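Asker: Those protein sequence lines, which keep their order, are chains A and B.
Numbering that gives the first Met the number 0 applies: residue 0 is where the first sequence begins, and numbers increase by one.
Numbering that gives the first Met the number 0 applies: residue 0 is where the second sequence begins, and numbers increase by one.
Just so you know, even glycine gets a beta-carbon here, dropped at the ideal spot from N, CA and C.
As the structure is a computational prediction, the values presented were derived from the model and not from experiment.
For reference, the structure I am asking about is given below.
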Amino acid sequence: MFNDASRKASSTGIKIFLLGLGGFLILLVISCGGGRKSQLPPRLAEVRRLSSEGSYWFRQGCFTKAERSFYRALEASRLVDNLAEMVRAHNNLGAVALAQDHFVEAGEHLQKALELNKLLQSGNEESVAMGNLGVLAYKAERYEEAEQLWERALVIAEENGQKSALATNLNHLGMLKRKQDRLKEAELLLQRALDIGERTGSKSSLANSHMQLGVVARIQADFTRAEKQLTKALEIDKGAENTSGIAQVLEEIGLLRQEQQQWEMAYLSFDRAINLYAIMGKTAKASQILEHLKTNQDKGGIPESLKQYEALLVSPGEYWESPLCR
Amino acid sequence: MRLQYSTMERMTGAFILLTLLIFLFTVAVVGRGKNWFRKHVVFYTTFEEGYNLVSGSRVKLLGTDVGSVVEVALSENNQARVKIRVLADYAPRIRTNSVATVESPTVIGSEYININPGTTIAPPIPPEGEIPTKEKKKLMEYLEEYEVGEKLENIGKILEDLAQITGTVGAGEGSLGRLVKSDELYQQISDELDAIGRFVATLQETADHLARAGAKIEEGSIHVEKATREAPEMVDKVQELLDRLLRVNALMEKAMTEVPEISTQAREGMREVNLILESVKENFLIRPNLPPSPESESHGLEIRGE
Numbered sequence: 000m001f002n003d004a005s006r007k008a009s010s011t012g013i014k015i016f017l018l019g020l021g022g023f024l025i026l027l028v029i030s031c032g033g034g035r036k037s038q039l040p041p042r043l044a045e046v047r048r049l050s051s052e053g054s055y056w057f058r059q060g061c062f063t064k065a066e067r068s069f070y071r072a073l074e075a076s077r078l079v080d081n082l083a084e085m086v087r088a089h090n091n092l093g094a095v096a097l098a099q100d101h102f103v104e105a106g107e108h109l110q111k112a113l114e115l116n117k118l119l120q121s122g123n124e125e126s127v128a129m130g131n132l133g134v135l136a137y138k139a140e141r142y143e144e145a146e147q148l149w150e151r152a153l154v155i156a157e158e159n160g161q162k163s164a165l166a167t168n169l170n171h172l173g174m175l176k177r178k179q180d181r182l183k184e185a186e187l188l189l190q191r192a193l194d195i196g197e198r199t200g201s202k203s204s205l206a207n208s209h210m211q212l213g214v215v216a217r218i219q220a221d222f223t224r225a226e227k228q229l230t231k232a233l234e235i236d237k238g239a240e241n242t243s244g245i246a247q248v249l250e251e252i253g254l255l256r257q258e259q260q261q262w263e264m265a266y267l268s269f270d271r272a273i274n275l276y277a278i279m280g281k282t283a284k285a286s287q288i289l290e291h292l293k294t295n296q297d298k299g300g301i302p303e304s305l306k307q308y309e310a311l312l313v314s315p316g317e318y319w320e321s322p323l324c325r
Numbered sequence: 000m001r002l003q004y005s006t007m008e009r010m011t012g013a014f015i016l017l018t019l020l021i022f023l024f025t026v027a028v029v030g031r032g033k034n035w036f037r038k039h040v041v042f043y044t045t046f047e048e049g050y051n052l053v054s055g056s057r058v059k060l061l062g063t064d065v066g067s068v069v070e071v072a073l074s075e076n077n078q079a080r081v082k083i084r085v086l087a088d089y090a091p092r093i094r095t096n097s098v099a100t101v102e103s104p105t106v107i108g109s110e111y112i113n114i115n116p117g118t119t120i121a122p123p124i125p126p127e128g129e130i131p132t133k134e135k136k137k138l139m140e141y142l143e144e145y146e147v148g149e150k151l152e153n154i155g156k157i158l159e160d161l162a163q164i165t166g167t168v169g170a171g172e173g174s175l176g177r178l179v180k181s182d183e184l185y186q187q188i189s190d191e192l193d194a195i196g197r198f199v200a201t202l203q204e205t206a207d208h209l210a211r212a213g214a215k216i217e218e219g220s221i222h223v224e225k226a227t228r229e230a231p232e233m234v235d236k237v238q239e240l241l242d243r244l245l246r247v248n249a250l251m252e253k254a255m256t257e258v259p260e261i262s263t264q265a266r267e268g269m270r271e272v273n274l275i276l277e278s279v280k281e282n283f284l285i286r287p288n289l290p291p292s293p294e295s296e297s298h299g300l301e302i303r304g305e
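Now the structure itself:
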């Protein structure tokens with residue numbers, strides 16, 4: 000009996016002990032759990048903040064604002080001589096300049112990025128710079144050079160396991176081959192880009208692959224497949240709120256409808272596309288759509304008048320800013 | 000004889016020991032944060048009033064926390080005698096020409112004592128010594144300093160003068176008033192003009208007509224003369240008015256120079272809020288929930304064909 004009582008007391012004691020130990024551990028976790036976060040030095044933190052701000056504007060298509068933030072990031076990274084951030088800022092400034100068709104400036108930034116990267120030896124940055132230089136060559140209609148640069152960027156991206164860059168460069172090469180009427184090659188590259196895009200979930204790349212495949216199908220007169228691919232691209236771009244992408248896919252859908260001689264449907268797509276380009280201040284692209292509308296008017300009688308569209312072709316002033324960025 | 004402990008007793012002992020350890024640990028952690036284990040030096044200051052200071056109010060040296068108020072008591076001559084304790088490391092910086100003032104935070108918080116360290120020429124105040132003080136300004140003193148009353152009085156005077164002048168004009172007094180108000184004068188001038196007109200038109204008018212016209216011209220000239228006589232007085236009044244306006248302008252300019260000071264205070268307030276936010280971010284419960292710091296990335300421009 001005495002033993003029973005003793006055992007009971009001992010078990011209570013153990014419980015109390017465990018309870019106390021638990022309390023102590025909770026206290027220990029609370030006092031140390033938060034752990035001091037490894038804080039970045041203030042200037043580097045500012046560089047990252049500016050760079051991330053620039054990325055936000057870049058994705059929104061607000062290139063003037065993105066440029067401002069990337070410039071400030073570059074200046075700030077110079078102050079602390081942070082090579083990685085300097086290369087990144089030059090690459091980003093190159094991309095922003097390219098997007099604005101400032102080719103000389105883009106070339107300078109991208110070359111500088113490659114030059115500094117010799118010290119950094121970052122495969123990621125090299126691949127991005129090469130890819131962007133390829134875009135520069137493509138825009139300057141130096142297609143052979145563009146192909147070489149994109150192939151080089153592709154190899155580096157593959158070596159470094161950069162799936163997103165891989166998909167982008169495959170899309171670029173596919174687009175180039177499609178332009179050169181090497182449709183089979185283009186299709187293979189684009190299909191590969193599509194597979195990677197589906198795995199990485201990069202909406203922009205995925206929509207581009209679908210759109211390019213749609214264009215290839217249209218050229219091959221496979222209108223059903225073309226419609227399927229372009230509808231998918233439009234759906235993805237809308238989901239990602241990619242205004243520029245939406246406008247481009249609408250243009251392609253319009254061209255597909257024209258080939259199908261569905262003039263009213265073509266007109267409706269071009270109408271939406273031209274208005275989007277006008278909002279974005281892309282007058283050259285808007286002029287291109289106006290040409291499509293003229294064809295539509297000549298062949299299908301729709302629209303009756305092009306006056307309202309001609310009014311959209313006023314070139315934006317120096318300080319013009321898209322309503323999307325205001 | 001060796002004592003034998005049962006398991007229960009051992010457990011209880013261990014538990015008490017553990018509790019004691021936890022208590023000591025907590026005391027150590029809290030005490031370290033609150034500077035309990037650091038050496039302090041006591042000083043005294045005396046103010047005309049307590050200014051809401053309480054035991055525990057912060058004591059700052061050049062805006063930096065260096066201690067706290069220990070006790071606020073009323074002295075025999077009805078002054079607030081404040082006992083403060085300052086970290087021993089900073090005590091030598093408090094010198095005989097140091098000045099303690101009570102300051103209020105701009106946005107949030109409570110009153111604190113701010114000590115201006117003074118110059119190194121003056122000797123340090125010994126422990127338990129008295130720190131010279133400067134009284135906190137009251138709202139009325141600020142009003143006096145900025146001569147708000149005088150400014151308002153001047154504006155009142157100007158308005159009064161303006162009212163008087165417009166009243167005089169309105170009542171038809173003075174030359175200007177008469178010119179504005181007097182139908183009689185208007186009539187007279189009109190008559191005179193008629194008379195002159197008639198005089199010019201008909202030189203054959205009778206002597207009576209000439210005499211009457213002459214008399215009216217004479218009467219008119221009296222009014223003109225009177226108006227001319229009052230003109231310098233009017234000019235003087237306008238001049239005086241202008242002088243007062245210039246004085247008001249000067250006062251306004253002086254007031255405008257104080258705007259930067261107000262802006263500095265506001266900025267200081269924002270800085271304090273920022274510091275509070277930074278402290279909140281350091282809290283162990285909040286810290287893990289803060290969003291991660293932004294990362295930079297490189298962008299490849301993806302084109303879809305031109």
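Let me make sure I understand the geometry here. Which of B/K33, B/Q78 and B/D160 has the alpha-carbon closest to that of B/L86?
Answerer: Out of B/K33, B/Q78 and B/D160, B/K33 has the C-alpha closest to the C-alpha of B/L86.
Asker: Can you tell me the Cα-Cα spacing of B/V68 and A/L119, whole angstroms?
Answerer: Near 56 Å, if we compare the C-alpha coordinates of A/L119 and B/V68.
Asker: Using beta-carbon positions only, say whether A/L153 and A/N131 come within less than 7 Å of one another.
Answerer: Their beta carbons are not under 7 Å apart, which means A/L153 does not touch A/N131 by this criterion.
Asker: Could you check where the beta strand (DSSP E) with B/T63 kicks off and where it finishes?
Answerer: That run of the beta strand (DSSP E) goes T63 to L73.
Asker: Helix, strand or coil: how does DSSP classify B/V279 here?
Answerer: Of the three classes helix, strand and coil, the one that applies to B/V279 here is helix, per DSSP.
Asker: Counting only the same chain and skipping the five closest in sequence on each side, list residues whose C-beta sits under 6 Å from that of A/F1.
Answerer: Because A/F1 carries a pLDDT of 48, less than 50, the predicted location of this residue cannot be relied on, and the following value inherits that uncertainty. Nothing meets the Cβ criterion.
Asker: Within 10 Å of its beta-carbon, does B/E239 have 16 or more other beta-carbons around it, so buried, or fewer, so exposed?
Answerer: Flag for B/E239 reads exposed.
Asker: Check whether chain A comes within 7 Å of B/F14, counting only Cβ atoms and requiring the distance to be less than that.
Answerer: True, the Cβ-Cβ gap to chain A drops below 7 Å.
Asker: Quick check: the Cα distance between A/G133 and A/G316, rounded to an integer number of angstroms?
Answerer: Distance between the alpha carbons of A/G133 and A/G316 is about 29 Å.
Asker: I want to see whether chain A comes within less than 7 Å of B/I302, judged by CB atoms only; does it?
Answerer: Yes, contact with chain A.
Asker: Could you tell me the distance, in whole angstroms, from the CA atom of B/N77 to the CA atom of B/G49?
Answerer: Going by the C-alpha atoms only, they are around 10 Å apart.
Asker: A/S204 and B/E294 look like a contact to me (Cβ under 8 Å); what is the Cβ gap, rounded to whole Å?
Answerer: 20 Å between Cβ atoms; not a contact.
Asker: From this set, A/F222, A/A128, A/H108 and A/A96, which residue's C-alpha is nearest B/G299's C-alpha?
Answerer: Looking at the Cα atoms, A/A128 is the closest of the given residues.
Asker: What whole-angstrom Cβ distance do A/V95 and A/A65 have, given they're in contact under 8 Å?
Answerer: Yes, they are in contact, since the Cβ atoms of A/V95 and A/A65 sit about 5 Å apart, within 8 Å.
Asker: Could you work out which residue in B/G62, B/F24, B/K133 and B/E127 is closest to B/N96 when comparing CA atoms only?
Answerer: Nearest option by C-alpha distance: B/K133.
Asker: Fully enclosed by the stretch 240-298 of chain A, which alpha helix (DSSP H) runs are 4 residues long or longer?
Answerer: If we require 4 residues or more, the alpha helix (DSSP H) runs fully inside the stretch 240-298 of chain A come out as 242-258 and 262-279.
Asker: Am I right that A/G60 and A/M279 are in contact with their C-beta atoms under 8 Å? What's the rounded C-beta distance?
Answerer: The Cβ separation is near 7 Å, so the contact holds.
Asker: Please state whether DSSP places B/Q123 in a helix, a strand or coil.
Answerer: The amino acid occupying residue 123 of chain B in the given sequence is Pro; Gln does not appear at that position. The answer is strand: DSSP assigns B/P123 an E or B state.
Asker: Interface residues of chain B around A/L169 at Cβ under 8 Å?
Answerer: In chain order: nothing, as chain B lies at least about 11 Å away.
Asker: Pull out every residue of the stretch 1-31 of chain B whose Cβ sits closer than 9 Å to any Cβ of chain A, in chain order.
Answerer: Listed by position, the residues of the stretch 1-31 of chain B near chain A (Cβ gap below 9 Å) are S5, T6, M7, E8, R9, M10, T11, A13, F14, L17, T18, L20, I21, F24, T25 and V28.
Asker: Check whether chain A comes within 7 Å of B/G299, counting only Cβ atoms and requiring the distance to be less than that.
Answerer: Judged by the 7 Å Cβ criterion, B/G299 is in contact with chain A.
Asker: On a Cα-Cα basis, can you pick out the residue from A/H209, A/A310 and A/P40 that is closest to B/S292?
Answerer: For B/S292, the nearest C-alpha among the options comes from A/P40.
Asker: Where does B/R84 land, buried or exposed, given buried means 16+ other C-beta within 10 angstroms?
Answerer: Buried, because 16 or more other Cβ atoms sit within 10 Å of the Cβ of B/R84.
Asker: Should A/A136 be flagged as near chain B, meaning a C-beta pair shorter than 7 Å?
Answerer: Cβ-Cβ to chain B under 7 Å: no for A/A136.
Asker: Please classify B/H298: does DSSP put it in a helix, a strand, or coil?
Answerer: It is coil, neither helix nor strand.
Asker: Verify whether the separation of the beta carbon atoms of B/R94 and B/G117 is less than 7 Å.
Answerer: It is a contact, given that the beta carbons lie within the stated cut-off.
Asker: Strictly under 7 Å for the Cβ-Cβ distance: is B/P126 near chain A by that measure?
Answerer: Chain A, which has no Cβ nearer than 7 Å to the Cβ of B/P126, makes this no.
Asker: Measuring only between beta-carbons, confirm whether B/P290 sits less than 7 Å from chain A.
Answerer: Chain A, which has no Cβ nearer than 7 Å to the Cβ of B/P290, makes this no.
Asker: Count the CB pairs spanning the stretch 161-175 of chain A and the stretch 189-196 of chain A that are closer than 8 Å, and state whether there are at least three.
Answerer: Output reads yes: the stretch 189-196 of chain A touches the stretch 161-175 of chain A.
Asker: Please classify B/E218: does DSSP put it in a helix, a strand, or coil?
Answerer: Helix.
Asker: At least one CB of chain A closer than 7 Å to the CB of B/S74: is that the case?
Answerer: Not an interface residue.
Asker: Taking contact to mean at least 3 C-beta pairs separated by less than 8 Å, is the stretch 49-57 of chain A in contact with the stretch 294-311 of chain A?
Answerer: No, the stretch 49-57 of chain A does not touch the stretch 294-311 of chain A.
Asker: Looking at A/E184: is its Cβ nearer than 7 Å to the Cβ of A/K178?
Answerer: Taking 7 Å as the Cβ cut-off, A/E184 and A/K178 do not qualify as a contacting pair.
Asker: Which residues does DSSP list as the beta-bridge partners of A/E157?
Answerer: For A/E157, which the question treats as bridged, DSSP gives no partner whatsoever.
Asker: Report the residue from A/L254, A/L249, A/G122 and A/N81 whose alpha carbon sits nearest the alpha carbon of A/I155.
Answerer: Checking every option, the nearest Cα to that of A/I155 belongs to A/G122.
Asker: Within its chain, find whatever has a CB closer than 7 Å to the CB of A/I301; leave out the 5 residues flanking it on each side and keep chain order.
Answerer: Around A/I301: W262, E263, Y266 and N295.
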